[in-house]
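Counting along the sequence shown from 1, when you hit position 275 you're at 292 in the numbering used here, and nothing is skipped either side.
Below is one structure, written out as structure tokens; comments come after it.
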Amino acid sequence: MWYTWRYQIPILLDLNLRVIAPDCLGYGGSSAPKQPETIYSLKPNADTLAALLSHLKIPSIILLAHDWGSMIAWRFYNYHPTLVSHIISLCVPYDPPHPGSPYLDLEKVVKKLPNFTYQIALADPQTLADMQSKDPIRRFLKAMYRGVGDGKGSKGGTINVRKDILKSVGDMPRGRIISEEELEWYVEQFYKTGMHGPLAYYKNRRKNWEDEQMLPDPIVKVPVLFIGATRDAALPPSMALGQKKFIPDLTTKQVEASHWMVWEQTDEVNEILKDWIGNVVFASKAKL
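Spelled out as structure tokens, the structure:
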């Protein structure tokens with residue numbers, strides 16, 4: 018949701034950048050259809066963003082993204098490369114498309130990457146059934162929105178949970194990285210829109226693989242800034258080590274933080290953004 022960037026939007030505006038922060042499909046104020054679930058695969062999200070740019074008559078953009086937004090951003094570049102001038106991804110490294118490779122279901126992925134075990138729980142229909150009211154949504158978010166020193170949450174100590182994720186997380190105290198008012202804003206948004214959309218993103222691995230068979234070139238040919246979080250249990254920095262061979266113009270930074278670095282280490286993240294935008298984005302525009 019756009020609210021993720023509440024501490025970054027002001028500094029981007031101070032740089033005289035136009036900022037467009039859409040809610041992804043299934044989140045906040047955006048459409049959240051219950052069927053077909055494949056609408057929450059990556060290509061429809063990428064095509065929706067392309068349609069938004071066409072509507073706004075914007076020829077190209079700087080992508081700034083995190084979590085599923087980063088997955089959409091990477092595939093947006095793959096599907097619509099001429100619409101992208103620069104990419105900034107937080108926590109989520111580039112995973113290039115692999116046309117012709119065999120399909121790996123989530124169970125096989127988890128055997129290679131056990132830190133993704135929690136995705137099995139999130140894709141379980143029972144998880145959606147369990148989150149139909151505000152109280153379980155609130156308990157889930159309190160477990161998920163946690164920083165370094167806040168104790169273990171759904172992207173920390175419970176990443177190995179395969180089912181009954183709400184039972185696993187219990188009712189934790191709110192983490193320090195989010196205020197009571199901010200937490201309740203998220204609870205209201207997820208309750209209003211429903212959890213079917215956000216959870217459907219975890220159910221589209223096969224559809225994403227099918228769509229990506231048409232993507233022959235995995236090389237990212239625009240400048241990229243990747244900011245990794247040293248304490249991200251689901252996406253440890255080691256996962257980003259192989260992306261350099263697919264991104265010739267790559268700048269990598271690390272922040273001592275959890276998955277939610279934009280809230281936990283706001284000043285450091287903002288300084289990295291300002292520095293890279295000033296030295297790379299504005300410098301490239303000056304050469305045009």
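Backbone N, C-alpha and C fix where the C-beta goes; we use that ideal spot for every residue, glycine too.
With H, G and I counted as helix, E and B as strand and the rest as coil, what does DSSP make of H72?
helix
Can you find the residues in the same chain that come closer than 6 Å, C-beta to C-beta, to K180, ignoring five residues on each side of it along the sequence?
A138 and D141
Would you mind stating whether W277 and I182 have Cβ atoms separated by less than 8 Å?
no
According to the Cβ coordinates, are Y20 and W202 closer than 8 Å?
yes
Are the CB atoms of L252 and V109 within a distance shorter than 8 Å?
yes
Return the chain-ordered list of same chain residues with a C-beta closer than 8 Å to the C-beta of L305, the five sequence neighbours on each side being excluded.
Per-residue confidence for L305 stands at a pLDDT of 47, beneath the threshold of 50, marking its modelled position as unreliable; no derived number is given.
For L100, which option in Q230, I75 and R223 has the closest C-alpha, if you only look at C-alpha atoms?
I75
On the premise that G245 lies in contact with T269, defined as a C-beta separation below 8 Å, what is that separation, rounded to the nearest angstrom?
7 Å
Can the beta-carbon of P240 be found less than 8 Å from the beta-carbon of V286?
no
Return the chain-ordered list of same chain residues with a C-beta closer than 7 Å to the C-beta of R156, the five sequence neighbours on each side being excluded.
L183, V186 and D188
Which ranges would you report for the alpha helix (DSSP H) in the stretch 245-294 if only whole runs of at least 4 residues count?
278-281 and 283-293
Residue from S106, L42, H115 and A90 whose Cα sits closest to the Cα of W12
The question about residue 12 has no answer here: the residues shown for the chain are numbered 18 through 305.
Return the residue from the list P113, R163, F207 and G166 that minimises the CA-CA distance to D152.
F207
Mind checking D228: buried by the 16 CB within 10 Å criterion, or exposed?
buried
Let me know the secondary structure DSSP gives V165 once reduced to three states.
coil
With DSSP as the reference, please indicate the residues paired to V241 in a beta bridge.
I104 and L267
Applying the 10 Å Cβ sphere with the 16-neighbour rule, what's the burial state of F93?
buried
What separation, rounded to the nearest whole angstrom, lies between the Cα atoms of D147 and L29?
38 Å
Candidates D84, I78, G192 and C41, of which the one nearest P61 by Cα
C41
Pair within 8 Å by beta-carbon distance, I104 and V237
yes
Which residue from P265, K262, A274 and I264 puts its Cα closest to that of P316?
Coverage of the chain is limited to positions 18 through 305, which leaves residue 316 absent and any answer about it impossible.
Taking the beta carbon of Y96 as the centre, do at least 16 other beta carbons fall within 10 Å, making it buried, or is it exposed?
buried
What residue does the alpha helix (DSSP H) around H306 start on, and which one ends it?
The first residue shown for the chain is 18 and the last is 305, placing residue 306 beyond what the model contains.
From F263, A250, P233 and L232, residue whose alpha carbon lies closest to that of F243
F263
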